[in-house]
Structure formats: C-alpha cells, structure tokens
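Residue numbers (my numbering): 4 to 121. Every residue gets a Cβ at the ideal spot worked out from N, C-alpha and C, and that includes glycine. Some notes on the structure that comes next.
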Amino acid sequence: ASQYTVLANWVDTQRAQRKKRDKGEAKHQMTDARMARLNEIEFIWDSQKAAWENNLEKLKRYKQDNGDCKVPKSEARALSAWVDVQKAQKKKFDKGDPKAKISKERIAKLDEMGFVWA
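Shown next, in the form of structure tokens:
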C-alpha cells in the first residue's frame, strides 16, 4: 500500500472514532486530547460537507467572473457536473425523496446567489 493509502485509512479511522464518540458508544478511541490535536491542524471531519462548500466557493467565483451560475461543460467540466447534481438532488428533495442529498440550508445558499434550478 502506498503512503497515501495508509494515510487515507488512518483518516477514515479518525472520522469513524469521532462518530462513535458523538453517538455515545462506549468503545471508541477519540479522546478529548486527540480531538483537540486534530482540530488544531484543521482536520476535516466531514469530507462531503467540505467538498460541497469548496464547490460552492468555486461557483461563487464563477458567478463573479461570468455574471451567472450557468456553468457550461466546455468551460468547467467538474463544476458543471456539480451544478447538474445539485439540480437533480433538488428535484428529489422537492418530491420528498428521503434519499435526496441536498438540504434546505444548501438550497437556500444556492438561492441566495441566484442559482438557476431549471
């Protein structure tokens, strides 16, 4: 295994231990001291949330540069794909699908910046 695979596994373990602690499970290894040390280095506890926020910042910069949130695939393929996912997730959310991976808070953040859902 590469050094990055080992690191990725360690990071996953830290996140899992934190979740156990947060759930009140007796068997976890996430002590106050360990959590404080990880927080000191700005450890990312929720990688999906961090990735979403990172893409939101990219979209804000795109809007600042282009005046809208209509990201063409030809300019920014990854950001355009993320925009498409947000639209698809909002459709699920609007239908009451419990598997929708977008929250009211995220929808509000996108609405605030003039996101075009259709």
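Compare the beta carbon distance of K61 and A84 with 9 Å and say whether it is the shorter of the two.
-> no
Supposed contact pair N58 and L82 - C-beta distance, whole angstroms, cut 8 Å | 7 Å
Cα-Cα separation, M33 to P101 = 31 Å
Kindly indicate which three-state DSSP category E67 falls into: helix, strand or coil?
-> Reading the sequence as shown, one finds Gln at residue 67 and not Glu. Of the three classes helix, strand and coil, the one that applies to Q67 here is helix, per DSSP.
Return helix, strand or coil for Q32, following the three-state DSSP convention.
-> coil
What whole-angstrom Cβ distance do M38 and R21 have, given they're in contact under 8 Å?
-> 7 Å
Which residues bound the alpha helix (DSSP H) around I110?
-> Segment K107 to E115, the alpha helix (DSSP H) holding I110.
Under 9 Å, do K95 and K104 count as touching if we go by C-beta distance?
-> yes
For S83, which three-state DSSP category applies?
-> Correct three-state label for S83: helix.
For V9, is the classification buried or exposed, using 16 other Cβ atoms within 10 angstroms of its Cβ as the cut-off for buried?
-> exposed
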